[in-house]
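Asker:
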Amino acid sequence: MPFSDLIGHERPKAILKASILHDRVAHAYLFHGEDGIGKKLAAMRFAQAINCDTDYGPGGPDACGICQSCCQIEARTHPDFRLIEPDQELANPQIKIEQVRELEQQIVYRPLVGRRKVCLIDEADRLTQGAANALLKTLEEPTAHSLFLLITSRPSALPATVRSRCQAIRFVPPARTQVEAALITKREITPDDARFLAMATQARIGQALKADVAALRAQQDEFCRLTSQTSLQSIATLLGTAEALHKSDRTPEALEWLAQWVRDLVLVGVGADPDSLLNLERLPDLQQSVRSLQLGNLLDLLTEIETIQRSSGRNLNLQMALENILLRLREAVCVPVESRLP
Ligand SMILES: [Zn+2]
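Residues 22 to 363 (our numbering) are what the sequence shown spells out, left to right.
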């Protein structure tokens, strides 16, 4: 697959292609930007383009996607391509010093068949300190034939010494419309589903390509029912739901849908373009709820949900937090607006 397969990222693509064309490929790059937007895929395509066996056309350097070199890199069996990543089986996934040492031993040799020995380090922010120090030594004395591609969504978590040895390339999420168009062609889904997926994944193409549309739609239905005025009327129902969600480990999921719902309420409240809503199909419900709401309260509620989301994993009672959020939403939605007037 060529570079054009990558959705968005026109700037990084142009810079990387130009560096190949003018023989100015650096020894190390740091691809940084949000998770799930295509950084790793861009690194794969770059590695392929550099070692591609096919002469490139008028579009400039690219990965043909069909030569032996491109196929082997795709399959990760190319003798001059190495991918290291944290062991996801671990509770705290890390890239260990042994992984970097093994890499060092291979990188000193000249490429066997390709032009460059490419080493892709995914989630580079998960290098242990020892591993980062070992890598730094290699980056400080690069061989002419090596190329390091470091990928991270948290560049500040990498030692400054490592960062300074890499040429930084920033990736920004592609436009939602680009993601939708790609989803319609690649997944053969309806424009409505494509829009919904792009919104629900915040245009993270990696997630959107894998996500189960039917399951997400079912979740949307479930949580929209929960936030309806009828459900919010009964405190017993709310507490029961919070308990059930917590018992099935679904509190984080519930918080995310609640946050999206409140964001939609805020957007409707300020008269934003309905196209910016996740729950576009529920516009009448949103409009109905927003009538009795005060924007300030909604924004406070949103801040609170986001704070809980950030601190989950620490010793927080998630069930209590979810109960609290639901009760606050209930208060905001169910108290008639008249009684709040001064
Ligand atoms: Zn090729």
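Where a beta carbon is used, it is the ideal one built from N, C-alpha and C, also for glycine.
From the DSSP secondary-structure annotation, give me the bridge partner or partners of SER167.
Answerer: Bridge partners of SER167: LYS138.
Asker: Can you tell me whether LEU299 is helix, strand or coil according to DSSP?
Answerer: Coil at LEU299, not helix or strand.
Asker: State buried or exposed for VAL289, treating a residue as buried only when at least 16 other CB atoms are found within 10 Å of its CB.
Answerer: Flag for VAL289 reads buried.
Asker: Would you check whether ligand 1 has a heavy atom nearer than 7 Å to the C-beta of ILE346?
Answerer: Result no, Cβ not under 7 Å from ligand 1.
Asker: Verify whether the separation of the beta carbon atoms of ALA275 and LEU286 is less than 8 Å.
Answerer: No, these two residues do not count as a Cβ contact at 8 Å.
Asker: Please check the pair GLU327 and ALA280, which I expect to be a contact at CB under 8 Å, by giving their CB distance rounded to whole angstroms.
Answerer: Rounded, the Cβ-Cβ distance is 7 Å, consistent with contact.
Asker: Can you tell me whether ASP101 sits near ligand 1, meaning its C-beta is under 7 Å from at least one heavy atom of the ligand?
Answerer: No, ligand 1 has no heavy atom inside 7 Å of this Cβ.
Asker: Do LYS34 and ILE172 count as a contact pair if the criterion is CB distance below 8 Å?
Answerer: Not a contact, by the Cβ cut-off of 8 Å.
Asker: If I measure Cβ to Cβ from VAL183 and keep anything under 6 Å in the same chain, skipping five residues before and after, which residues do I get?
Answerer: Taken in chain order, the residues that qualify are ALA153, LEU157.
Asker: Which partner residues of GLN127 appear in the DSSP bridge assignment?
Answerer: GLN127 is not bridged to any residue.
Asker: Would the C-beta of GLN69 count as close to ligand 1, meaning under 7 Å from any of its heavy atoms?
Answerer: Yes, the beta carbon of GLN69 sits closer than 7 Å to at least one heavy atom of ligand 1.
Asker: Let's see if you can read the secondary structure: which residues bound the beta strand (DSSP E) around ALA235?
Answerer: No beta strand (DSSP E) holds ALA235; the alpha helix (DSSP H) holding it covers 234 to 247.
Asker: On a Cα-Cα basis, can you pick out the residue from LEU218, LEU350, GLU277 that is closest to ILE256?
Answerer: The shortest C-alpha separation from ILE256 is found at LEU350.
Asker: Run through DSSP, which three-state label would GLY319 get?
Answerer: It is Leu, not Gly, that sits at residue 319 in the sequence shown. Helix, per DSSP.
Asker: In angstroms with no decimal places, state the Cα-to-Cα distance between PHE217 and THR149.
Answerer: Their Cα atoms are separated by approximately 38 Å.
Asker: Count the other CB atoms within 10 Å of the CB of ALA353; is the residue buried (16 or more) or exposed (fewer)?
Answerer: ALA353 is buried by the Cβ-count criterion.
Asker: Expressed to the nearest angstrom, what Euclidean distance is found between the alpha-carbon atoms of PRO79 and THR198?
Answerer: Going by the C-alpha atoms only, they are around 27 Å apart.
Asker: Flag SER25 as yes when its Cβ comes closer than 7 Å to any non-hydrogen atom of ligand 2, and as no otherwise.
Answerer: Ligand 2 is not among the ligands present in this structure, which contains only ligand 1.
Asker: Give the straight-line distance between the Cα atoms of GLU31 and GLU344, rounded to the nearest whole angstrom.
Answerer: So the two alpha carbons sit approximately 44 Å from each other.
Asker: To the nearest angstrom, how far is the alpha carbon of ALA196 from that of ALA203?
Answerer: Whole-angstrom Cα-Cα distance: 11 Å.
Asker: Got a sec, what are the start and stop residues for the alpha helix (DSSP H) HIS53 sits in?
Answerer: That residue, HIS53, is in no alpha helix (DSSP H); its beta strand (DSSP E) goes 49 to 53.
Asker: Judging by CA-CA distance, which residue of ILE87, GLN240, ARG246, PHE67 is the nearest neighbour of GLY81?
Answerer: The shortest Cα separation from GLY81 among ILE87, GLN240, ARG246, PHE67 belongs to PHE67.
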